[in-house]
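Numbering (mature numbering (1 follows the signal peptide of the UniProt record, and there is no 0)), first residue to last: -28 to -1, 1 to 348.
Set out below in structure tokens:
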């Protein structure tokens, strides 16, 4: 468990790069800009005796390099990350501006599913991230349309950024390997995505409403047979005078061919692998308030997530996660202070390394993370 949570801490924090994109150099009209970040992390786990004995752990989190640029109607965007134990690509794609409203992206680009951006404010992401549906990046082509408040994403992905037996990856994908004695031979392939949103401007802010659908195949590399998978979500992101509200409800199902157990499936992320319920619902409700200061800004938030399994085994239990914290932006620095509570939830509990499987115990586990980053 210690190694698992450490790997997560070394990687999940990197989401802040996207959150504070304004602190990273913006591409010039023509040419390639190079930016990046260096981060360190403090973690205190209330459910770990060694962590409590030491008063927590302070360590190097990661370093990243980022390329962003354009030459005429053609452009490039890429980000590569280095931790103390591994390195991997987050995204890397070329793009072409067909006209002021349409853009094509080809390569490892962000999968358009769920609330645009994130369905979370915190370092720890939301529950959809652990199921494979938040800030995911796969290999394919995406068409993006935007005009008069309407935003459409239509995409096809051939496969994830790494092979299914590789667990070093930024976001969650299906895994080929053995987890807790169960052998998995699943690979994601041939995925279609459609997301439609509309943004309405109003006094004091704006509101974005939308829906997302995703469908793909699951290839069994041992038997050669193919199953399928789908997900659908409704989402809202509304801001008013510094306040922000995010709501999302989603349904998903992984129907793998020749599964050893139809109730669960294996996934991997940030050098770890775990199991999730093969079918269920996920609900997210996040609220935040941003305060401007003379030296930057402070955003305080509470992110709540609930996952309800919908499988044949009645022993499977709900998973929950709540994160309360503040993000502090000052010049080129960005610091996130989070208090994380987890129940039957991977990465945030001591004895439940899964999402939606039968719970071990009946407790909320707690941990604190303080993360500091310098962006250039």
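Note that CB positions come from ideal geometry on N, CA and C, so glycine has one too.
All figures in this text were calculated on a predicted structure; none of them were measured in a lab.
In this structure, the alpha-carbon of residue 115 lies about 25 Å from that of residue 225. Taking 8 Å as the cut-off, the beta carbon of residue 189 is found closer than this to the beta carbon of residue 162. Residue 21 carries a helical assignment under DSSP once its states are collapsed to helix, strand and coil. Taking 8 Å as the cut-off, the beta carbon of residue 286 is found no closer than this to the beta carbon of residue 317. The beta carbon of residue 94 sits closer than 6 Å to those of 275, 295, 297, 310, all from its chain and outside the five residues before and after it, given in chain order. Taken in chain order, the complete beta strand (DSSP E) segments of 3 residues or longer contained in the region 217 to 263 are 236 to 241, 244 to 249.
Ranked by how close their Cα comes to the Cα of residue 239, the residues 13, 323, 156 have 156 in first place. Straight-line spacing of the CA atoms in residue 149 and residue 43 works out to 43 Å.
Counting the other Cβ atoms within 10 Å of the Cβ of residue 260 gives 16 or more, which makes it buried. Fewer than three pairs of CB atoms, one per stretch, sit closer than 8 Å, so the region 198 to 215 makes no contact with the region 126 to 137.
Secondary-structure assignment with DSSP links residue 52 through a beta bridge to 37, 61.
Collapsing the DSSP output to three states places residue 126 in a strand. For residue 96, the number of other beta carbons within 10 angstroms of its own is at least 16, and it is reported as buried.
Taking each of 41, 2, 176, 233 in turn and checking the Cα distance to residue 215, the smallest one comes out for 176. Ranking 125, 229, 347, 99 by CA distance to the CA of residue 279 puts 99 first. In the three-state reduction of the DSSP assignment, residue 181 falls in the strand class, which pools E and B.
Taking the Cβ atoms as the reference, residue 37 lies roughly 11 Å from residue 64, outside the contact range of under 8 Å.
In this structure, the straight-line span from the alpha carbon of residue 213 to that of residue 262 is close to 9 Å.
Note that the C-beta distance between residue 264 and residue 301 is not below 8 Å.
Judged by DSSP secondary structure, residue 329 falls outside any beta strand (DSSP E); it is assigned neither H nor E.
Contact annotation: residue 341 and residue 333 have beta-carbon atoms that are not nearer than 8 Å. Listed as beta-bridge partners of residue 203 by DSSP are 186, 224.
A direct Cα-Cα distance of roughly 6 Å separates residue 73 from residue 119. Residue 173 holds the alpha-carbon nearest to the alpha-carbon of residue 211 among 196, 197, 173. According to DSSP, residue 307 shares a beta bridge with 300, 344.
Residue 227 places its beta carbon less than 8 Å from that of residue 199. In this structure, 87 is the residue among 87, 57, 160 with its C-alpha nearest to the C-alpha of residue 183.
The continuous beta strand (DSSP E) containing residue 151 extends over residues 148 to 151. If you draw a straight line from the Cα of residue 229 to the Cα of residue 146, it comes to about 13 Å. For residue 170, the uninterrupted beta strand (DSSP E) segment begins and ends at 154 to 174.
About 12 Å separates the Cβ atoms of residue 91 and residue 293, ruling out a contact at the 8 Å cut-off. Between residue 241 and residue 141, the beta carbon gap of about 6 Å places them in contact (Cβ cut-off 8 Å). Sequence-distant partners of residue 325 (beyond 5 residues in either direction) whose C-beta falls short of 6 Å from its own C-beta, in its chain, are 246, 318. Residue environment analysis places residue 281 among the buried positions, since at least 16 neighbouring C-beta atoms fall within 10 angstroms of its C-beta.
DSSP, read as helix, strand or coil, puts residue 132 in strand. Spatial neighbours of residue 10 in its own chain (CB-CB distance under 6 Å, excluding positions within 5 residues in sequence) are listed in chain order as 35, 346.
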